[in-house]
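Novice: Just so we're on the same page, this note's numbering is the position in the sequence shown counted from 1, plus 592. Ideal placement from N, C-alpha and C gives every residue a C-beta, glycine not left out. Here it is: the structure, laid out below.
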Amino acid sequence: MLPFHDDLTIDEASFRRHLSDVAAVPGIAAITINAHASEVASCSFDEQRRVLAITEDEIGRKVPIVNGVYAEGSIEAARIARMAQESGASALLVFPPGPLTLGQRPEMAIAHFKRIADASDLPIIVFEYPLQGGQGYPLDTLLKLVAAVPTIRAIKDWTPQVPLHERNIRTLQSLDHPINVLSTNSSWLFSSLVLGCKGLLSGSGSVIADLQARLFRAVQANDLAEARRLNDRIYPTAEVFMPIPLSTCTTA
């Protein structure tokens, strides 16, 4: 998370303390910045560059840094990707452009990611949004995308429908060059991991990184009793951060 002062300037001292706290958690493989939890949509290019500079200075020698690429157009996305590589990031998390809500074709996604890959050779994590909003990539598009852009190594899967989420996991992780699926379904991480996700990339990790890391290790060790115990501890926090609207529930 990115803290701010009352005048909406970045609270750098608090941010440094927060970064150090999260990076010190055993089991953390990387820290993601300039994403939803760090208010990337409200930060200018210069602010995003400053966030990465602070992060690199504070924890860059301890853990890899994943930098978000949040832009409405491909040219700006490429500029952010180039800046991230030059500033010390280890990987990119690429958000889908907003105009995709008006309609998309596979060629659009491929052109967008190719321009980013031309600007930076860092590994790319594709942020897979829910399909119903128009910004998510259908599985056929994802398969064409990973075939066309070799630097794509993983997806951050925000697919809320369990069958579609499982299909992504089974299909992408069984390719000749497997694409890891990282769960960001913060309200049901336990279920998502049991389906076979290779990791977590969840904004709620900013406050429960220790529980998430322990949950991941328990599932990987097939210790489902411990995983259920940890999930019971995570559940109240998930209810606060990611409540399930009653309007989405049905009764028999």
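When burial is assigned at 16 or more other CB atoms within 10 Å of the CB, is A624 buried or exposed?
Specialist: The displayed chain sequence assigns Thr, not Ala, to residue 624. Label assigned to T624: buried.
Novice: Could you check if R806 is buried or exposed, using at least 16 other CB atoms within 10 Å of its CB as the buried criterion?
Specialist: Classification for R806: buried.
Novice: Measure from the alpha carbon of H610 to the alpha carbon of each residue in E650, L767, L781, then state which is nearest.
Specialist: Measuring from the Cα of H610, the nearest candidate turns out to be E650.
Novice: Tell me the DSSP bridge mates of K790?
Specialist: In the DSSP output, where bridge partners are listed per residue, K790 has none listed.
Novice: Please determine, among I747, V799, G725, the residue with the shortest C-alpha to C-alpha distance to S775.
Specialist: Checking every option, the nearest Cα to that of S775 belongs to I747.
Novice: Is there contact here, the region 672–685 with the region 727–736, by at least three beta-carbon pairs under 8 Å?
Specialist: They do not touch, by the three-pair rule.
Novice: Take every Cβ of the region 760–769, pair it with every Cβ of the region 797–805, and state whether three or more of those distances are shorter than 8 Å.
Specialist: Touching, no.
Novice: Identify whether I672 lies in helix, strand or coil by the three-state DSSP scheme.
Specialist: I672: helix per DSSP, three-state reduction.
Novice: Report the three-state DSSP secondary structure of K748 (helix, strand or coil).
Specialist: Reduced to three states, the DSSP call for K748 is strand.
Novice: Could you tell me the distance, in whole angstroms, from the CA atom of L653 to the CA atom of T647?
Specialist: Looking at the sequence itself, residue 653 is Arg, so the reference to Leu does not match. Rounded to whole angstroms, R653 to T647 spans 10 Å at the Cα level.
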